[in-house]
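S.K.: Residue numbers (the numbering used here): 7 to 486. This is the structure I have questions about; it appears just below.
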Amino acid sequence: MGTHAQREAHRWYFGGEGVGLDFTTCPPTVVQDGLGAGTFEGAATISDPVTGDLLFYTTGNVIINAEHEVMVNGEPSGLTNTMSQNTIIPKPGSNTIYYVFTPDVQGGLVLNTLYPDAYGLNMAIVDMSLDFGRGAVVDKFIPVRPPPNCELLTAVRHSNGVDFWLIGHVYGTNEFFVYAITEDGLSEEPLLQAIGPVIDTPQPGTPDGSNFDAIGHLKASPQGDRLAFTTFYNGTTALFDFDPNTGIISNPIPLLIGKGGYGVCFSPGGSKLYITARDSAQYGIFFDADLLQFDLNAGDPGAIQASRFPVFSPNVGGFATMRLGPDQRIYVARASQDLSPLGDEYLGMIIRPELAGAACSYVHNGVFLNGQQGSWSLNSLYETGGTCGNDLPTGIQTPPSPTKLTLIPGAGCLEVMWPDGADPDRLDLLTSDGRIVASLDVRPSTGRVSVPTAGWAAGCYVLQVSGPQLVQSERFVIPE
Numbered sequence: 007m008g009t010h011a012q013r014e015a016h017r018w019y020f021g022g023e024g025v026g027l028d029f030t031t032c033p034p035t036v037v038q039d040g041l042g043a044g045t046f047e048g049a050a051t052i053s054d055p056v057t058g059d060l061l062f063y064t065t066g067n068v069i070i071n072a073e074h075e076v077m078v079n080g081e082p083s084g085l086t087n088t089m090s091q092n093t094i095i096p097k098p099g100s101n102t103i104y105y106v107f108t109p110d111v112q113g114g115l116v117l118n119t120l121y122p123d124a125y126g127l128n129m130a131i132v133d134m135s136l137d138f139g140r141g142a143v144v145d146k147f148i149p150v151r152p153p154p155n156c157e158l159l160t161a162v163r164h165s166n167g168v169d170f171w172l173i174g175h176v177y178g179t180n181e182f183f184v185y186a187i188t189e190d191g192l193s194e195e196p197l198l199q200a201i202g203p204v205i206d207t208p209q210p211g212t213p214d215g216s217n218f219d220a221i222g223h224l225k226a227s228p229q230g231d232r233l234a235f236t237t238f239y240n241g242t243t244a245l246f247d248f249d250p251n252t253g254i255i256s257n258p259i260p261l262l263i264g265k266g267g268y269g270v271c272f273s274p275g276g277s278k279l280y281i282t283a284r285d286s287a288q289y290g291i292f293f294d295a296d297l298l299q300f301d302l303n304a305g306d307p308g309a310i311q312a313s314r315f316p317v318f319s320p321n322v323g324g325f326a327t328m329r330l331g332p333d334q335r336i337y338v339a340r341a342s343q344d345l346s347p348l349g350d351e352y353l354g355m356i357i358r359p360e361l362a363g364a365a366c367s368y369v370h371n372g373v374f375l376n377g378q379q380g381s382w383s384l385n386s387l388y389e390t391g392g393t394c395g396n397d398l399p400t401g402i403q404t405p406p407s408p409t410k411l412t413l414i415p416g417a418g419c420l421e422v423m424w425p426d427g428a429d430p431d432r433l434d435l436l437t438s439d440g441r442i443v444a445s446l447d448v449r450p451s452t453g454r455v456s457v458p459t460a461g462w463a464a465g466c467y468v469l470q471v472s473g474p475q476l477v478q479s480e481r482f483v484i485p486e
């Protein structure tokens, strides 16, 4: 894989009132300076890959610059907001050009009346060298695919570390489309692959007439080797293998969630899959919701299905999309308890997403958004890896903390010690570019743990220690 600092997802803006999260600190800081534009879904934000500084964000129908002003030629920039799957991809080989993709809404039912000829999957092009570095939209409503397409849309970095794959799904079929994005731009034709369940809403009346299952969420694992999706009404859910070298999708595993679906997220190491589910009979209202976990290491497809675990079911309100943060925790967008079209003033948080069952430590009121409402989406950017903070050259910040970690590298092991009262519950060992190489549960705390490092390549690594109120990172070196 190519080397990149992986700070593209260090800032998220997702609230209809301008709220967001800033991961240049550990833990992230709640920010309230965004231009909410009244949206309740469709958020995507991208930051500078080296510094983590905000570049721009979008709601799907408007693109907003780092000064929280509408970008030049940035409104309208897409057909409308979708559930969650507007996405931003940097053009390979360029430091200034970005592609913004906006899929169909509900399989092509919703059109932009100002641009009646623009329909289906569309693309806008942003040039960050313009308007004194604030960026400008230089082209938009570029047709990519005609409808009907699902709102499922994601991107995966190519195995060469430079290029990307843009992945979506045709509504009413079991067909994926996969476009290559290289220094030459977007490939003219996609790789079409018929695999997995058909995405459709056969029920008569409002469900079928609204193409409800065109609404959904498609995500890739952080390693780029798996895909999963779920759909809004029938909860059609499936897991796949993905080859980031060829773009080939294989090994479909249908999963039953028992309800309509909304959000999808993999754990940092790719061993767990999380799905948010909701009562389909309520249409757009969130009742009878579940946060579900599947253990992807359980064995065959039957064993993976049998591993389904209800992590949490709120009494009021519900869950929307999820996003893996640079701090290796999963953040869960919550639908408002007052049933308004905006999100809740809290985000849920899965503290230890690699652990099975209740040990994943879900906190329902995980992040207070300082009284502002969030949205049903968080940041529909491709998975970037990395860790929170941006002070160290490796991309890891060691924040000020009264907790003193003692690291003693030895022959084939790393001794880690911490004082009484630190109370960590998890250690993650990462490469300098943010790839997790080992995770350990250190509960109950003994104040010391030995981490085997035999066979690890020489170089700089990062130890990240976390607990309910603690996120701290330290660097160490394995010598040649």
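Each residue gets a CB set at the ideal place from its N, CA and C atoms; glycine is no exception.
Please state whether DSSP places residue 304 in a helix, a strand or coil.
M.R.: If DSSP states are grouped into helix, strand and coil, residue 304 belongs with coil.
S.K.: From the DSSP output, in three-state form, read off residue 53 for me.
M.R.: Residue state, collapsed to three classes: strand.
S.K.: Please identify the residue among 15, 139 and 425 whose C-alpha is closest to the C-alpha of residue 73.
M.R.: Nearest of 15, 139 and 425 to residue 73, Cα basis: 139.
S.K.: Once the 5 residues before and after residue 400 are set aside, which same chain residues still bring their CB inside 7 Å of it?
M.R.: Residue confidence is low: residue 400 scores 36 on pLDDT, short of 50, so the model does not pin down where it sits. Its coordinate-derived value is still stated next. So the qualifying residues of the chain are 438, 466, 468 and 481.
S.K.: Please identify the residue among 449, 381, 486 and 211 whose C-alpha is closest to the C-alpha of residue 21.
M.R.: Out of 449, 381, 486 and 211, 381 has the C-alpha closest to the C-alpha of residue 21.
S.K.: Indicate the three-state DSSP secondary structure (helix, strand or coil) for residue 213 in the structure shown.
M.R.: Three-state DSSP puts residue 213 in a helix.
S.K.: Whole angstroms are fine: how far does the CA of residue 114 sit from the CA of residue 203?
M.R.: So the alpha carbons of these two residues sit roughly 20 Å apart.
S.K.: Once the 5 residues before and after residue 443 are set aside, which same chain residues still bring their CB inside 8 Å of it?
M.R.: Closer than 8 Å at the Cβ level, and outside the excluded window around residue 443, lie 435, 436, 437, 462 and 467.
S.K.: Could you name the residues of the same chain whose beta carbon sits closer than 6 Å to that of residue 200, not counting the 5 residues immediately before and after it, in chain order?
M.R.: For residue 200, where only same-chain residues beyond five positions count, the Cβ hits under 6 Å are 180 and 181.
S.K.: Determine which residues share a DSSP beta bridge with residue 278 and list them.
M.R.: 301, per the DSSP bridge assignment.
S.K.: Could you pull the DSSP bridge partners for residue 128 from this structure?
M.R.: BP columns for residue 128 point to 108 and 149.
S.K.: For residue 454, which residues from the same chain have a beta carbon less than 6 Å from its beta carbon, with the 5 sequence-adjacent residues on both sides left out?
M.R.: Excluding sequence neighbours, residue 454 sits near 423.
S.K.: Do residue 219 and residue 155 have their beta-carbon atoms positioned less than 7 Å apart in this structure?
M.R.: No, the Cβ-Cβ distance between residue 155 and residue 219 is not below 7 Å.
S.K.: Taking C-beta to C-beta, are residue 133 and residue 102 nearer than 7 Å?
M.R.: It is a contact, given that the beta carbons lie within the stated cut-off.
S.K.: Between residue 280 and chain D, is any beta-carbon pair separated by less than 7 Å?
M.R.: This model lacks chain D altogether; it includes just one protein chain.
S.K.: Taking the alpha carbon of residue 262 as the point to measure from, which residue in 248, 249 and 244 has its own alpha carbon closest?
M.R.: Measuring from the Cα of residue 262, the nearest candidate turns out to be 244.
S.K.: Under a three-way DSSP split, which group does residue 32 fall into?
M.R.: Coil, per DSSP.
S.K.: Among 76, 464, 230 and 297, which residue has its Cα nearest to the Cα of residue 161?
M.R.: It is 230 whose Cα lies nearest to the Cα of residue 161.
S.K.: So, helix, strand or coil for residue 271, using DSSP?
M.R.: Residue 271: strand per DSSP, three-state reduction.
S.K.: Out of 56, 52 and 79, state which residue places its alpha-carbon closest to the alpha-carbon of residue 94.
M.R.: Among 56, 52 and 79, the Cα nearest to that of residue 94 is on 52.
S.K.: Can we say the segment 22–34 touches the segment 298–305, given the rule of at least three CB pairs closer than 8 Å?
M.R.: Result no; under three Cβ-Cβ pairs closer than 8 Å.
S.K.: With 16 as the cutoff for other CB atoms within 10 Å, does residue 30 come out buried or exposed?
M.R.: So residue 30 ends up on the buried side.
S.K.: Cα separation between residue 266 and residue 147?
M.R.: Spanning the two alpha carbons is a distance of roughly 31 Å.
S.K.: Please classify residue 312: does DSSP put it in a helix, a strand, or coil?
M.R.: Three-state DSSP puts residue 312 in a helix.
S.K.: Identify the residues that DSSP records as bridge partners of residue 371: which are they?
M.R.: Residue 371 pairs with nothing; no bridge assigned.
S.K.: Determine the closest residue to residue 166 out of 99, 16, 81 and 17, with distance taken between C-alpha atoms.
M.R.: Minimum Cα distance to residue 166 is reached at 99.
S.K.: Does DSSP put residue 447 in a helix, a strand or coil?
M.R.: It is a strand residue.
S.K.: Which term fits residue 275, buried or exposed, when burial requires 16 or more other beta carbons within 10 angstroms of its beta carbon?
M.R.: Buried: at least 16 other Cβ atoms inside 10 Å.
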